[in-house]
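A short worksheet on the structure shown next.
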DNA sequence: AAGCGATGTTGACGTCGTCCACTTTAGCCT
DNA sequence: AGGCTAAAGTGGACGACGTCAACATCGCTT
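Spelled out as C-alpha cells, the structure:
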C-alpha cells in the first residue's frame with residue numbers, strides 16, 4: 143500500500159479548522175501557564191503546523207488575542223446565564239450572577255486579564271470589533287438582571303427610568319469587577335472565600351454603607367497578602 | 143585643551159544614578175506610548191547607556207517593572223493624601239480620596255495597568271516585595287479614610303470592630319477599583335465625567351441601592367463605547 | 001598608590017513577530 | 001472530467017528583544 147492515502151494520515155497538508163485550533167490552544171496555554179506572555183509560535187507548534195500558518199487566519203497577534211478574548215466573554219456570559227437559570231427571585235438571580243462573574247475571573251485569571259487587561263485597548267482607542275460584540279452581549283446580561291431586580295422592587299425604581307437603571311448597573315458592575323480583580327491580583331483574599339465575599343459585597347451594595355455594614359467572613363485579608371514580613375522600605379524622590 | 147577632561151563631558155563612563163534614570167525613562171515611555179510593551183533596551187537607549195547596563199541595577203525585566211509599579215503606588219498614595227488634606231469632614235475626605243484614586247488610573251492607564259494588571263503576580267504567586275510594600279502603604283490610606291469615616295459616624299460602626307471596618311474597606315476599594323478599570327478599559331465612559339461618576343458611585347455605595355439610586359450624569363455610557371455599529375456576530379461552539 | 005568591587009560595554013545566542021516567495025490542495029467553471 | 005485559481009500551509013529571512021558571559025573603566029578604601 144502507498145504510504146499516505148489509505149492509512150489514516152496523521153497530518154494532512156490542510157488542517158481543516160486551524161482557526162479554532164489556534165484559539166483553543168491559546169485557551170489551553172492560558173489556563174496552564176496562567177501567563178499572558180505566550181508566543182504565537184507555540185500555538186502553532188501545539189496545533190502541529192508551521193509558525194506561519196496562523197497568519198492565514200489572523201492578521202497579527204493582536205487579532206488572535208482579540209478572538210481569544212471574545213471567546214472568554216462568551217464563556218463568562220454562558221456561566222452567568224447558567225447560574226441565574228437556577229433561581230427565581232430577583233435577589234437570588236442577582237447574587238448568582240455576581241457569584242458567576244467573580245468565579246469566572248478567579249478560576250481563570252489569565253483569561254480574565256486578557257479580556258480586561260487592556261492588551262487590546264491599545265493606542266487606536268478602540269477594541270477590536272469582535273471583542274466589543276462579545277463584551278456587549280455580556281453587559282446585556284447585567285442589564286437584564288438589574289432591570290429584573292428593579293421590576294421586582296429589589297431596587298426602588300420605576301422601571302421606566304433608564305438613567306437610574308444605568309446607575310445601578312454601573313455600581314453593580316464596577317463593584318463586582320473590582321472585587322474580582324482584587325482577588326485575581328491577590329490584593330484581597332483568600333480566593334476560596336470568593337463566594338462569601340461576593341455575597342457580602344452584594345449585600346453591602348444593596349443596603350449601603352450608611353445603613354449597615356456587611357459581614358465579611360473571618361480569615362479574609364485586604365491588601366497585599368500576609369506572609370513574609372520585613373518588607374523593604376521605599377525611596378521616592380523627585 | 144583635550145577633548146573630554148576640561149569641557150563638560152556629555153557622557154561619563156559611569157552614569158551616576160542609572161537606577162532612577164531607568165525607572166524615570168520607563169515612566170516616560172509608559173505615559174507617552176500608553177502601552178505596556180516597551181523594551182528594556184529602549185529604556186537603556188533613552189538613558190544613553192548600553193543595552194546591558196540596566197542589568198547592573200535590576201535582576202531582570204520583571205524586577206524593573208516591579209520598581210516602576212512601586213513608584214506608581216507611591217505616586218497614587220501621594221495624590222490621595224494631597225487630595226484629602228484639603229478637606230475636613232469625613233465625607234468630603236472620602237470623596238476626595240475616591241476622586242484621586244479614579245483620576246490616578248484614568249490619567250495614566252498604562253501605569254495603572256502595570257500596577258494592577260498582574261504582570262508581576264506571575265506564577266510564583268507573590269508580587270515582588272518592593273511592590274508589596276508600596277501597595278501596603280497605599281492601602282493604609284484607605285483604612286484611615288474609612289476608619290475616619292466610621293468615627294465620624296459616616297458609617298454606623300463602633301470604631302472597635304475591625305471586621306466591620308474591613309468590610310467597608312473592601313467595598314470601598316473594590317468599588318473604586320472597578321470603576322477605575324472600567325473607565326480605563328473604556329467599558330464605561332466618557333472619561334471626562336470621571337469625577338461625577340466617582341461621586342455618584344460613592345453616594346450609591348453609602349446609601350445602598352435598596353434605599354436610593356444615585357444619579358449618574360447624562361452622556362455616560364456603560365459597556366463597549368458607542369460608535370461604529372453593525373458589529374460582527376460571534377460563533378462559539380464546542 | 002594599589003587594587004578591588006561596582007558600574008558600564010561589546011558581542012553572542014536563542015526566541016519572537018512578521019514579511020516574502022514558494023508549494024500544496026480543494027473546489028469551481030467550463 | 002480536467003484544469004485553473006485562490007485559499008491554506010511551508011520554509012527561510014530579518015530585525016528586535018531578553019539574557020548571558022567576557023571584558024573595560026572607574027571610584028573608594030586601606
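Chains as they are written, first to last, in our numbering: chain D, 143 to 380; chain A, 143 to 380. Think of the CB as a built atom: it goes at the ideal place given N, C-alpha and C, for glycine as much as any other residue.
Closest by C-alpha distance to residue 161(A), out of 288(A), 179(A), 196(A) and 187(A), is 196(A). Straight-line measurement puts the Cα of residue 362(A) at about 24 Å from the Cα of residue 295(D). Inter-segment contact for the segment 201-219 of chain A and the segment 303-311 of chain A is absent: fewer than three beta-carbon pairs are separated by less than 8 Å. Neighbours of residue 221(A) in chain D, taken as residues whose beta carbon is under 7 Å from its own, are absent, since the nearest beta carbon is some 12 Å off.
Put simply, the backbone Cα of residue 280(A) is about 14 Å away from that of residue 271(A). At least one C-beta of chain D is nearer than 8 Å to the C-beta of residue 263(A). Spanning the alpha carbons of residue 348(D) and residue 286(A) requires a straight line of approximately 24 Å. Close partners of residue 173(A) in chain D (Cβ separation under 8 Å) are lacking, with about 13 Å as the shortest Cβ gap. DSSP places residue 247(A) within a helical segment (H, G or I) once states are collapsed to three. Of all residues in the segment 323-342 of chain D, only 323, 324, 326, 327, 328, 329, 330, 339 and 342 place a beta-carbon less than 8 Å from a beta-carbon of chain A. In the DSSP secondary-structure assignment, residue 315(D) is not bridged to any residue. Residue 298(A) and residue 259(D) have their C-alpha atoms roughly 36 Å apart. Residue 164(D) and residue 305(D) have their alpha carbons spaced roughly 42 Å apart. Taking a C-beta distance under 8 Å as the contact criterion, residue 317(D) and residue 320(A) qualify as a contact pair.
Taking 8 Å as the upper bound for CB-CB distance, residue 315(D) and residue 324(A) are in contact here, some 7 Å apart. Rounded to whole angstroms, residue 282(D) and residue 154(D) show a C-alpha spacing of 42 Å.
Scanning chain A for C-beta atoms nearer than 8 Å to the C-beta of residue 311(D) yields 364, reported in chain order.
DSSP places residue 260(D) outside both helix and strand once states are collapsed to three, so it counts as coil. In the structure shown, residue 331(A) falls within a strand segment according to DSSP collapsed to helix, strand and coil.
Residue 170(D) is outside the set of residues whose beta carbon lies under 8 Å from a beta carbon in chain A.
One Cα belongs to residue 167(D), the other to residue 329(D), and the distance between them is close to 30 Å. Taken atom to atom, the span from the alpha-carbon of residue 235(A) to that of residue 159(D) is near 57 Å. In this structure, residue 327(A) sits away from residue 223(D), with a CB-CB distance that is not shorter than 8 Å. Residue contact check for residue 204(A) against chain D: no CB pair falls below 8 Å.
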